[in-house]
Each structure stands twice: as structure tokens, then as C-alpha cells.
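Quick notes on the structure that follows.
Number of protein chains: 2
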Amino acid sequence: MEYTFSNKMAALKPSAIREIFKSLTDPTIISFAAGNPAPESFPVEALSAISADIFANTASFALQYGITDGYGPLREAVAARQKERFGIGREFDTTLITTGGQQGIELCCKVLCNEGDTVLCENPSFIGALNAFRSLGAKPVGIPLRTEGGIDPDALEAAIAANPRAKMLYLIPTFQNPAGSTTDTATRRRIYDICRRHSLIILEDNPYGELRFAGEDIPTIKSMDEDGIVVYCSSFSKILSAGMRVGFVVAPEAIVQKMVVAKQVEDVHTNLFFQMLCHRYITEYDLDAHIAGIRALYGRKCRLMLDTLDEYMPKSITYTRPEGGLFIWCTLPDSVDVSDFIKRCLAEKVAVVPGSAFNPEENAPLQAFRLNYSTPSDEQIVEGVKRLAKVAREML
Amino acid sequence: MEYTFSNKMAALKPSAIREIFKSLTDPTIISFAAGNPAPESFPVEALSAISADIFANTASFALQYGITDGYGPLREAVAARQKERFGIGREFDTTLITTGGQQGIELCCKVLCNEGDTVLCENPSFIGALNAFRSLGAKPVGIPLRTEGGIDPDALEAAIAANPRAKMLYLIPTFQNPAGSTTDTATRRRIYDICRRHSLIILEDNPYGELRFAGEDIPTIKSMDEDGIVVYCSSFSKILSAGMRVGFVVAPEAIVQKMVVAKQVEDVHTNLFFQMLCHRYITEYDLDAHIAGIRALYGRKCRLMLDTLDEYMPKSITYTRPEGGLFIWCTLPDSVDVSDFIKRCLAEKVAVVPGSAFNPEENAPLQAFRLNYSTPSDEQIVEGVKRLAKVAREML
Numbered sequence: 004m005e006y007t008f009s010n011k012m013a014a015l016k017p018s019a020i021r022e023i024f025k026s027l028t029d030p031t032i033i034s035f036a037a038g039n040p041a042p043e044s045f046p047v048e049a050l051s052a053i054s055a056d057i058f059a060n061t062a063s064f065a066l067q068y069g070i071t072d073g074y075g076p077l078r079e080a081v082a083a084r085q086k087e088r089f090g091i092g093r094e095f096d097t098t099l100i101t102t103g104g105q106q107g108i109e110l111c112c113k114v115l116c117n118e119g120d121t122v123l124c125e126n127p128s129f130i131g132a133l134n135a136f137r138s139l140g141a142k143p144v145g146i147p148l149r150t151e152g153g154i155d156p157d158a159l160e161a162a163i164a165a166n167p168r169a170k171m172l173y174l175i176p177t178f179q180n181p182a183g184s185t186t187d188t189a190t191r192r193r194i195y196d197i198c199r200r201h202s203l204i205i206l207e208d209n210p211y212g213e214l215r216f217a218g219e220d221i222p223t224i225k226s227m228d229e230d231g232i233v234v235y236c237s238s239f240s241k242i243l244s245a246g247m248r249v250g251f252v253v254a255p256e257a258i259v260q261k262m263v264v265a266k267q268v269e270d271v272h273t274n275l276f277f278q279m280l281c282h283r284y285i286t287e288y289d290l291d292a293h294i295a296g297i298r299a300l301y302g303r304k305c306r307l308m309l310d311t312l313d314e315y316m317p318k319s320i321t322y323t324r325p326e327g328g329l330f331i332w333c334t335l336p337d338s339v340d341v342s343d344f345i346k347r348c349l350a351e352k353v354a355v356v357p358g359s360a361f362n363p364e365e366n367a368p369l370q371a372f373r374l375n376y377s378t379p380s381d382e383q384i385v386e387g388v389k390r391l392a393k394v395a396r397e398m399l
Numbered sequence: 004m005e006y007t008f009s010n011k012m013a014a015l016k017p018s019a020i021r022e023i024f025k026s027l028t029d030p031t032i033i034s035f036a037a038g039n040p041a042p043e044s045f046p047v048e049a050l051s052a053i054s055a056d057i058f059a060n061t062a063s064f065a066l067q068y069g070i071t072d073g074y075g076p077l078r079e080a081v082a083a084r085q086k087e088r089f090g091i092g093r094e095f096d097t098t099l100i101t102t103g104g105q106q107g108i109e110l111c112c113k114v115l116c117n118e119g120d121t122v123l124c125e126n127p128s129f130i131g132a133l134n135a136f137r138s139l140g141a142k143p144v145g146i147p148l149r150t151e152g153g154i155d156p157d158a159l160e161a162a163i164a165a166n167p168r169a170k171m172l173y174l175i176p177t178f179q180n181p182a183g184s185t186t187d188t189a190t191r192r193r194i195y196d197i198c199r200r201h202s203l204i205i206l207e208d209n210p211y212g213e214l215r216f217a218g219e220d221i222p223t224i225k226s227m228d229e230d231g232i233v234v235y236c237s238s239f240s241k242i243l244s245a246g247m248r249v250g251f252v253v254a255p256e257a258i259v260q261k262m263v264v265a266k267q268v269e270d271v272h273t274n275l276f277f278q279m280l281c282h283r284y285i286t287e288y289d290l291d292a293h294i295a296g297i298r299a300l301y302g303r304k305c306r307l308m309l310d311t312l313d314e315y316m317p318k319s320i321t322y323t324r325p326e327g328g329l330f331i332w333c334t335l336p337d338s339v340d341v342s343d344f345i346k347r348c349l350a351e352k353v354a355v356v357p358g359s360a361f362n363p364e365e366n367a368p369l370q371a372f373r374l375n376y377s378t379p380s381d382e383q384i385v386e387g388v389k390r391l392a393k394v395a396r397e398m399l
């Protein structure tokens, strides 16, 4: 039997990262390729205690169908925390619980974009978002991400002019994936003003916002949203558990209402038991103290990776110096072929993700690769970076 | 701010059932409107014990990102059970874990249908599926479901001829939602042969297949699938927990591969903790004994509802006599206005779902309503049916 697939799905390939993740069954490989949080970031004992209590006292509610919008007390707890922590949420906004942050991205595109529409985004950008746009027949168009300060607002103006079918701008302004860099406040304001003038919806993806380990907090774009043009999405994946798939959206009610209808036909609602678990953890435990521990851990691991890069990597290879999040972005000199570099690193048993995976223009090269420091051990960070540096020296 | 939504989502309304479900906060209303399993169908003690064990021994795996295809041991356990129980799965098939059965339906349509394509289905049909098709810009076209025997194969031939853009046929052949009726074996074979001749994919939705309480097992259409044209989806919602959102698809590998790519951008993967919970329950506990208990319960409740209908309902109102599942479908004589009937029932504090909600042709009437017997208590079944009968007598 020959199958004919929909146009939007026919060309879509599995995410290179997920494929790399699947192939990392060889325990002798040092992987800097994942985007996984450290296991230390899961408050296992607390979640276990709450879970036992839910089974003992509210099991038939927790195991029954829930409403699509999400578990009411969790929606309230999320709204309160986002307001307090990030200045997010005005009278026209409401909160939706999603099956991970990924679902918020996909739903936003689904309700706003027709096939053939354009989604403007940073180049490089998060592959899960790029593929979500593609899976809906929308076309991601990248705006170069500068080494510092995010995208150039003038380049955004130009991209809007050049793409009349642009329906939204997708940004990860804080501890960007894959670049690790952060857009400064002034640039955020300029981006917001430009989008407001053009009635362009901003999808602000902030999965790493809680993970700052250096520098000063920068206001979210959503906190500037007087006009109701920002859809904000985030999740508990990096602070409580990635595998439970609980995320959320804060956005103008009219948009959320459409997202609820779209979510209803995707999965009816998000796992209710874990929604209750999240609610209980947020309201009964010290989430800030828990997050402080994760920040300290990642800050230490990031410094170790940067120190090792500084010591061993040839100076012609540059990299970002993140103030939070999970990733460092390394740029290779033009003389080095990236895919060749990646292959030779794999032969040395170190896995990294090629920049091309994050290029909104599919299959186009990017002279860079992504490093993750949250998953490997300290020993693996030092040994792995040494091996990367060895390959780099050989290829220069 | 005025928002412009995608064409496919602009017209889509929230499911009438989910809206009714949300409005059922009045505890004095007897609800026959839900599609919820009885709380007795959740094996709380066993799930609680397994959960404690997962937290104690494999928490950092269970709370971490997993692979999109699903937890390997669960995929194997599902494949083995479907093979043994329903004769499902050939060498070309594979298994995908989905976030509830709903996601399997949506993903299948997403990978097969372009906007403007047609999905043939029974009329009436499951509203969650109809809205999933609509949310992707596909058009559901109904084929009348006969009181017995499912759709007429000749009508299917005619529908295929009349709809050159038909990409798939969506069926709930066993204990249909909302009709409660089952397609007989001979009709299944004729439907399969017609679809094979026209290379039309069949999406066989079987969420209630385990819930037979009368009559003899009938082979699934998937068990006849020598040609790889059937995508089979089901879930654990009606036998372990609806709120956990764990379902599965068994389908030809080429189709599943595309569904995996589509799922990756929707939610990355299904809640891993509950996938592990399902696997442990299936392999370590007596699932068949547990299901036997649910069957006995629903058989008793269905008989009680039918007996009460037989006793009190005017003879001009007809209804199906299900051999399993959750629903009875009542047809009103043409003289009775259905929406008026529903309103008057609500005034008498009984909620049922109007037939129109299940009509593939949106907003078109259907001279019927759906009753659920899994959720109400015995007392509520008797009292609620008496009230329905009273309204019916008044309106005749």
C-alpha cells in the first residue's frame, strides 16, 4: 500500500535533536546534545508525598476527565505566580494549562495562521517551534539573532515589510534556545512597539525564565503588553518535571478561547493528576528555594563549561556566555565544515547539535553548534570539551 | 485589539458536550449528558501502590523527557494485548502511545488530510472527532447509521463516488458513540473491501471495545486488515483512568512515523509517569478481572436504564439496546421538537445531549438525544428516566 500524506506533513522530518536523543543509547558517548533538565531539578520526595495524598483523598477526581482549560486551582496559582514573578497578566488576559510548553506554541500557530502564512522568528530558533509551524503549513522566516541584544528591530521592520502574510513573531527572548543569549530591555520595548504598530501577535516563549544564575532580571515582553498582542507560554518542565508535560499560556482571553477549542480536539485536557501535583507543590512547598538550587547547579555547570572552553578551545571559535538557561552556542570559523566537525566529534564520542537544525530556513547551514551543560556530569563537561577542542585544533 | 483567527479555527465552536459538562455544577441536576467512566473503573489502590514504587525506584526516569513514540515497555504490552484480545497487529503495523484516544484521531487526520478534504463518517458520530477534522480544515460527511448493522455499504460506495476528496472513513463500529449500536461482522467485511478497492484509509476508533456486557465478540475491522489500510485507535480512559490521558494507535508503520512527527510538535510525548503506571498495571495486575468488574457494573446500569425506559417511556420514542459501552440513543417522533424537549428536560433537572451535537453536518438537527448510564447512580437513573418520560408524554 502506498500512502499519500497531507502536504503540510509530507515534507516534515523528525526533529534532528529527538533523533540524536534516540540514538544516544551508547553510554560511552558524552552528550552535550540534549535539552534535558538535570535530574536534581525534580523534587522527587515532595512530589511523591503529594502523589500519595492525592491517591488517598481525591483519586476519583484526579483520575476522571477534567475541563480543557485546566485544573482551576492550578490556573489560579500559575496566574498569581506569573503576576508576582514576571509582572504578567492584565484584566484582558487569562491562563490555559497546556500539555507542556510545546502545545502552547502549536496551538497559538493553529488558531492564528492559515497555510501559507509566515511566522517571523529568530535565526537560530527552537526546532520544536519551527516544526510546529511547518506542521500547520506556516512558513518560519528567520531574523538574524545578534550575538548580543536579540534581533535587530530594524531587521524586524524590514521582515514585516517583506512578508505581508506574517501573522506572528515567535521569540525566546530570555536565555534563548539554542543561542543562550538574552534580548535587552530597550530592544524588547522597540520590538513590542513595532509589533503593536503592525498588529502583529508576539508569541513569547519563556521556558527558561526562572533559571537565571547571573546578571539582573529583565522584564518579559508580556509585562509590557498594554495592548493585548502578546501570547506568553512557559512550562514546569525545567523546574518540576519535563516528563509530566505540564505547561501554560497567559494570553488575551479571545485568543485563549480559540486555543481551548483547538486543545479540546487534540487531547481533551492535560493529565489532571499532575496538574493537581503542580498546584499542591506550588502552594504548599517552597518553589523559590527549589529553583534557587537549580540555578546554583546550572550556574556552576555553565561556568565549568565556559572555563574549560576558555582554557582549551582555539580562540577562533567563539561562544555565548549565558546568564541562565541550558545552552551555550559556539560559532566556528568559516574554514571549518560544521557537519564534518560534528561527525569527527561523534567519532571522539562527544555529541553536539549542528546549527543547521535551528535554522528556520530548512536544511540551510549555520556555522555553529549547540552545547548543553545541564545533563552531563562535571567530569563529562571537562573531558567532552577537551575532545571538542582537540577536533577543532585538528580542523583549523 | 481585534484578532483575526485562522480560517479553520474561526468557525469552530467549543464542543456542546464539554460546555454542558462545564455547566453541570448544579448538583440537583441529574446528568445523563456526560461520557465519563464510572469512578469504580479506576483501580485506585493498585495505581497508588505502583505510583509509590515508581517514585521510590525510577523517579528520575519517570519525570524526565521520554521519546515521542511512547514508553517502550508500554508499547510492547499494548501490542501484545491488542494482538491477543482483538487479533490486531501484523508485521507492517506498529504501536504509538498518544495523549488519550482523542490525539490518535486528530493526528491521523493531520497526516492524511489537506484542508478541503473530506472525512467520511457515521451520522451521528463522536463530536470530538468531528471537531478534530474541522479544526484541520477537513470536512466530515456523514453516512446514515442504521438502527442495526452500522452504515449501509451501498451508501458508503455512493458517498465515495460523491466525494472525490474523501481521504479516510472514520468509524466507531463497536458500541458506537453516541448511538450505542454495533456494526455486524458481514457489514465490517463489506466496508473493509470497499475501502480497500478505493484505497481509502479506515480510522477505526474503539474506545469501548473492552466494555461488552452482552452478546458475542465481533472481530475488529483492524483484525481484517491484510492490506494496511486501517489505523486503529483506542485508550485506557474507560478501563484505567480518563484523566491520565493515555491512549494508543496501532497502524502501518509508514503512517505511524508521520504521526510521530506530528505528535512531537504537539506535546513531545505523553505523560511518562502514567505510561509507566499503565505498563506496570497491565503486566503485574489482573486487567481482565478488573475489566470484568466494569462490564458487570455497566451491564447492570444499562439494563436498569432500559427497564425504566421500557416501563415509563411512551412507545413512540425508540431507543437502541446496547451490548456494551456507555450510551443509549433515543429517537423522538417527528412531532416533538428536540431542542424544546431538551430545554424542558433541563427545567425538570435532567440533562441529555441533543442529537444535533453529533451531526457531521454542523448545526443540522437530528431527531434524537444521547443518554449515558455509566455516571449516574441507580436512583438517578430511575428518577431521571421518569422525568424524561414525563416531559415526553406532555409533548406528545
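If you're matching them up, the sequences are chains A and B in order. So for the first sequence, my numbering puts the first residue at 4; every next one is plus one. So for the second sequence, my numbering puts the first residue at 4; every next one is plus one. The C-beta atom is built at its ideal place from N, Cα and C for all residues, glycine as well. Here the structure is a predicted model, which means the values were calculated and not measured.
Straight-line CA distance for residue i to residue j?
i: Val233 (chain A); j: Ile224 (chain A); result: 8 angstroms
i: Val144 (chain B); j: Ala14 (chain B); result: 17 angstroms
i: Glu287 (chain A); j: Ser377 (chain A); result: 27 angstroms
i: Arg191 (chain A); j: Leu50 (chain A); result: 36 angstroms
i: Tyr322 (chain A); j: Ser128 (chain A); result: 16 angstroms
i: Met262 (chain A); j: Val249 (chain A); result: 16 angstroms
i: Gln85 (chain B); j: Met247 (chain B); result: 20 angstroms
i: Tyr173 (chain B); j: Cys124 (chain B); result: 5 angstroms
i: Tyr6 (chain B); j: Leu139 (chain B); result: 19 angstroms
i: Pro40 (chain B); j: Ala245 (chain B); result: 7 angstroms
i: Leu148 (chain A); j: Lys389 (chain A); result: 28 angstroms
i: Leu115 (chain A); j: Ile320 (chain B); result: 45 angstroms
i: Pro363 (chain B); j: Arg303 (chain B); result: 32 angstroms
i: Gln67 (chain B); j: Leu243 (chain B); result: 23 angstroms
i: Cys305 (chain A); j: Ser44 (chain A); result: 15 angstroms
i: Trp332 (chain A); j: Arg215 (chain A); result: 17 angstroms
i: Ile345 (chain A); j: Val356 (chain A); result: 8 angstroms
i: Gly92 (chain B); j: Val81 (chain A); result: 43 angstroms
i: Glu48 (chain B); j: His282 (chain B); result: 16 angstroms
Starting from residue i, trace the beta strand (DSSP E) both ways and give me its first and last residue.
i: Thr31 (chain A); result: Segment: none, Thr31 (chain A) is in no beta strand (DSSP E) and carries neither H nor E.
i: Ile232 (chain B); result: Ile232 (chain B) -> no beta strand (DSSP E), and no H or E assigned at all.
i: Thr334 (chain A); result: Phe330 to Thr334
i: Met171 (chain B); result: Ala169 to Leu174
Could you tell me whether the Cβ of residue i comes closer than 8 angstroms to any Cβ of chain B?
i: Ser244 (chain A); result: yes
i: Ile285 (chain A); result: no
i: Leu2 (chain A); result: Past the edges of chain A, shown from 4 to 399, lies residue 2 (chain A), and the structure says nothing about it.
i: Lys427 (chain A); result: There is no way to answer for residue 427 (chain A), as the model of chain A reaches only from 4 to 399.
i: Met398 (chain A); result: no
i: Ala55 (chain A); result: yes
i: Asn209 (chain A); result: no
i: Ile232 (chain A); result: yes
Quick one: measure Cβ to Cβ for residue i and residue j, integer angstroms, because I've assumed they're closer than 8 angstroms.
i: Tyr211 (chain A); j: Lys241 (chain A); result: 6 angstroms
i: Asn134 (chain A); j: Val268 (chain B); result: 5 angstroms
i: Ala170 (chain A); j: Thr121 (chain A); result: Note that residue 170 (chain A) corresponds to Lys in the displayed sequence, not to Ala. The Cβ separation is near 7 angstroms, so the contact holds.
i: Arg199 (chain B); j: Pro156 (chain B); result: Rounded, the Cβ-Cβ distance is 12 angstroms, inconsistent with contact.
i: Ile57 (chain B); j: Phe276 (chain B); result: 6 angstroms
Report buried or exposed for residue i, applying the criterion of at least 16 other Cβ atoms within 10 angstroms of its Cβ.
i: Met4 (chain A); result: exposed
i: Pro368 (chain A); result: exposed
i: Ala254 (chain A); result: buried
For the alpha helix (DSSP H) containing residue i, name the first residue and the last one.
i: Met279 (chain A); result: Leu275 to Glu287
i: Asp208 (chain B); result: Careful: Asp208 (chain B) lies outside any alpha helix (DSSP H), inside the beta strand (DSSP E) at Ile204 to Asp208.
i: Phe58 (chain A); result: Val47 to Asn60
i: Phe361 (chain B); result: It is not in any alpha helix (DSSP H) - Phe361 (chain B) carries neither H nor E in the DSSP assignment.
i: Thr7 (chain A); result: Per DSSP, Thr7 (chain A) belongs to no alpha helix (DSSP H) and is neither H nor E.
Measure from the C-beta of residue i to each C-beta in chain A and report whether the shortest distance is under 8 angstroms.
i: Phe276 (chain B); result: yes
i: Cys116 (chain B); result: yes
i: Ser319 (chain B); result: no
i: Pro363 (chain B); result: no
i: Phe45 (chain B); result: yes
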